[in-house]
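Line by line, the protein sequences are chains H and A. Going by numbering that gives the first Met the number 0, the letters in the first sequence line up with residues 0 to 323, in that order. Going by numbering that gives the first Met the number 0, the letters in the second sequence line up with residues 0 to 352, in that order. In what follows, a structure is listed as structure tokens, so that the remarks can point back to it.
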Amino acid sequence: MAVASRTSSGPGALQRRGRIRPGDAVLYLVTLAAALSGVVLLALITREVIADAWPAMQKFGLGFLTTQAWGDNNKTLFGAKSFIFGTAVTSLGALLLATPISLAIALFLTELAPRWIRSVVAPLVELLAAIPSVVLGLWGILVLGPFITGTLGPALHGTFGWLPIFSSKPSVGSNMFAAILILTIMIIPIVSSICRELFLGVPSELKDGALALGATRWEVVRGVVFPYARAGIAAALILGLGRAVGEAIAVTQVIGNNVAIHADLFKPGDTLASRIAGQYQGADTALQVASLVYLAVILLVFSLIANLAAQLIVRRVAGRHQMR
Amino acid sequence: MKAFVTRRKRPLAVLSVLGLVAVASVAASVSGAQARSNAGELKGAGSSFVAPLVGVWQQKYEASKGVKISYNPIGSGGGISAITNKTVDFGASDAPLSADQFNACNGCVQIPWALSATSVMYNLNGVKNNLHLTGPIIADIYLGKITNWNNARIKAVNPGVSLPDKDITPVYRSDSSGTSYNFTSYLNTVSRQWKSGIGNGTTVNWPKGVGARGSSGVSGVVSRTEGAIGYVDVAYALQNHLKFAAVQNRSKQWARPGLLGIKAASLADRKFSPTNALSIVNPPPGKKFRKAYPICTYTYVILRLQSNQASLLKPFVTWALTSGQADGPRLKFQPIPKYVRTKGLAAIKRVHS
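Following this line, the structure appears as structure tokens:
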């Protein structure tokens, strides 16, 4: 709404001034074209993706979502069930691990750390985001994998073996758990750097006021910083989730690429994005290509829902808290 | 104030004009560069299996003929996509084009241009190189029916070898791969259950084990996982000092993926398919194939019949099929037999601009 009214006032404002100034007109046209190109691009991509997926959509219908298969029955049966499961488990698992760590990093860097530590650590955390995902994936195979099979896996299985998610000892480093850890590493810099900016934006009068009333550091964080930044934190987490859902290459390198559904995180699995990245190029049959694009359609719907949810959360939280 | 504002606006306009000019000139120089490179450059992409050989060819061909060959080893599937979408002058694949792929490529021809083997590698501490494995044993490992290295069937073919009590982790290629095609085509010939339940292809629905991306991914996972078994082209296995199995052929001989074994297998298929494909996995028993290694494959170059680069492409592929073969043996590529070369040279003649 607000956006629409602002753009419609653009040319009107130009004319009301009496003459059209070329600079303003150029600026207006350039920005308008940029804004429209985004919308048009999205529409074109959606159209193309659905058109390419159409043969599979026609053949399998919505049953595709609840079928666990990939090239079964002599390459005629495909289904997305295990990939939807894998995507949900790995991205939510990564979010679960990354949230407390990211918040802690952001809090430490804004509220607690001495200035010199802040200036060293903050850029380093952000540098984590600059590691190419293929390199992170390779590290996952060569370093993280053996660490999981050798140390972490047996320890977790020994302590928490009664939980279904750690019910076996990992025999190979490529599994869902490795994918969760890799995704955690990938989303921490995003979430923590956004949260850091948010926390820096908390007015110091509020914090000083709370401190003056005798609040402890933790009470200030809980009572002032978190509530003030709540909407922003929610948005940051959704951004992180989006990154985790869409990440393809690093995940495909470490997840073990198996069409299976296990509660056990030490078993291999696969995600939507990973399957597309792995097999789109050079798929054997036209039906396989269409089925892969059908996975992309599901991924698109996933991201759409995540974005809408984010907007809803941000609006609700911001509405409840009149501070923003 | 108003005057100030307009003055402020002008640099913006000037900047945007400058920007347009810059973009235009960059575009012009890019297209210029392309035009220049068209005088003497061929672009290819695909199979990582054949990449070491193409690497040698690149240097030699540019040195002797002045034509630059660029090659991107993105995997067989990627090569097929690239030539189908006309983003390269030639594609390379270890798996012959499937019917759907051949139709999608619309006016392509594939030519066998190199010949090598897929090795079955394993990671077992303290177990010697060239462990004996039969086809049915390998198939049952990948089917999940043999799950431990001390299985009686593995012991039976390896007398005197002490095999550990260790779970077997089968590792396979998760991306679309010609090596997978070669390997699964072999499993098809040795296991009825494999053929009816899984089948062959550049990707299949593996019932057991874990996937890894690319030859490097598979060998990475195998080398970091005690008890793992995997498959990779023999040149890669040798370069990376991986242990690989001697596989029993149909003459009941234990064959290694060396030049001798590949050469013996190369004559197993003399009948080209309508699309020039040859299948030489698991040659029949007989004196001729006594030494044959059962998991060998031709690897193909894919060309468009109508190519603007035909004048450069035809001499290059002709050279690769003839003089270029001499570079093969030290990379474990056996030179292609004469009847395959003859067929290839005839196919090249059909390419035109």
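The beta-carbon is built from N, C-alpha and C at its ideal position, and this holds for glycine as well. Computed from a predicted structure; not experimentally measured.
- Measuring C-alpha to C-alpha distances from residue 220 of chain A to each of H:237, H:94, H:214, H:142 identifies H:142 as the nearest.
- Taking residue 76 of chain H as reference, the option from H:224, H:313, H:285 with the minimal CA-CA separation is H:285.
- The beta carbon of residue 213 of chain H lies closer than 6 Å to none in the same chain, with the five residues before and after it left out.
- An exposed status is given to residue 36 of chain H, since fewer than 16 other beta-carbon atoms sit within 10 Å of its beta-carbon.
- Annotation: residue 188 of chain H is outside any beta strand (DSSP E); the continuous alpha helix (DSSP H) that includes it extends over 175-199.
- For the stretch 281-311 of chain H, the residues whose beta carbon sits under 7 Å from a beta carbon of chain A are, in order, 281, 282, 283, 284, 285.
- DSSP places residue 217 of chain H in the uninterrupted alpha helix (DSSP H) bounded by 216-219.
- Counting only Cβ-Cβ distances below 8 Å, residue 140 of chain H has contacts in chain A at 211, 216, 219, 220, 223, in chain order.
- With three or more CB-CB distances shorter than 8 Å, the stretch 77-93 of chain H counts as touching the stretch 263-276 of chain H.
- Only 73, 74, 75, 76, 77, 78, 79, 80 from the stretch 68-80 of chain A bring a Cβ to less than 8 Å from some Cβ of chain H.
- Looking at H:153, H:262, H:313, H:263, the one whose alpha-carbon comes closest to that of residue 226 of chain H is H:313.
- In this structure residue 326 of chain A touches residue 52 of chain A by the C-beta definition: roughly 7 Å separates them, less than 8 Å.
- With respect to the 8 Å criterion, residue 134 of chain H and residue 148 of chain H are not classified as neighbours on the basis of their beta carbons.
- Taking C-beta atoms under 8 Å as the contact rule, residue 177 of chain H and residue 119 of chain H fail to qualify, at a distance of about 30 Å.
- In the DSSP annotation of this structure, the continuous segment of the beta strand (DSSP E) that includes residue 71 of chain A starts and ends at 67-71.
- Scanning its chain for C-beta atoms nearer than 7 Å, with the 5 sequence neighbours on each side dropped, one finds around residue 344 of chain A the residues 317, 320, in chain order.
- Annotated as proximal: residue 210 of chain A and residue 255 of chain H, with beta-carbon spacing under 8 Å.
- Taking the C-beta atoms as reference points, residue 339 of chain A is found no nearer than 8 Å to residue 95 of chain A.
- Contact annotation: residue 48 of chain A and residue 298 of chain A have beta-carbon atoms nearer than 8 Å.
- Look at residue 148 of chain H: its C-beta is under 8 Å from a C-beta on chain A.
- Its chain contains 131, 132, 133, 136, 247 as the residues whose beta carbon lies nearer than 8 Å to that of residue 156 of chain A, once the 5 sequence neighbours on both sides are disregarded; these appear in chain order.
- Contact residues of the stretch 60-75 of chain H toward chain A are 68, 69, 70, 71, 73, 74 (C-beta to C-beta distance below 8 Å).
- Across the structure, residue 239 of chain H and residue 190 of chain H are spaced so that their CA atoms are roughly 6 Å apart.
- By the criterion of a C-beta distance shorter than 7 Å, residue 139 of chain H is surrounded in its chain by 177, 181, 249, 252, 253, once the five residues flanking it on both sides are discounted.
- For the stretch 102-117 of chain A, residues whose beta-carbon sits nearer than 9 Å to a beta-carbon of chain H comprise 102, 103.
- Where residue 92 of chain A is concerned, the enclosing beta strand (DSSP E) starts and stops at 89-92.
- Taking a beta-carbon distance threshold of 8 Å, residue 202 of chain A counts as an interface residue toward chain H.
- Rounded to the nearest angstrom, the Cβ distance from residue 311 of chain A to residue 106 of chain A is 19 Å, too far for a contact under 8 Å.
- 224, 226, 227: these are the residues of the stretch 224-243 of chain A whose beta carbon lies less than 8 Å from some beta carbon of chain H, given in chain order.
- One alpha carbon belongs to residue 195 of chain H, the other to residue 207 of chain H, and they sit about 18 Å apart.
- For residue 252 of chain H, the neighbours in chain A by C-beta distance under 8 Å run, in chain order, 211, 212, 216.
- Close to chain A, meaning a Cβ-Cβ distance shorter than 7 Å, are the following residues of the stretch 155-175 of chain H: 170, 171, 172, 173.
- Residues are counted here when their Cβ sits less than 7 Å from a Cβ of chain H; for the stretch 144-172 of chain A these are 166, 168, given in chain order.
- Below the 9 Å Cβ cutoff, chain A contributes no neighbours of residue 57 of chain H, its closest Cβ being approximately 17 Å away.
- Residue 40 of chain A: member of the beta strand (DSSP E) spanning 40-45, first to last residue.
- Beta bridge pairing from DSSP links residue 305 of chain A with A:351.
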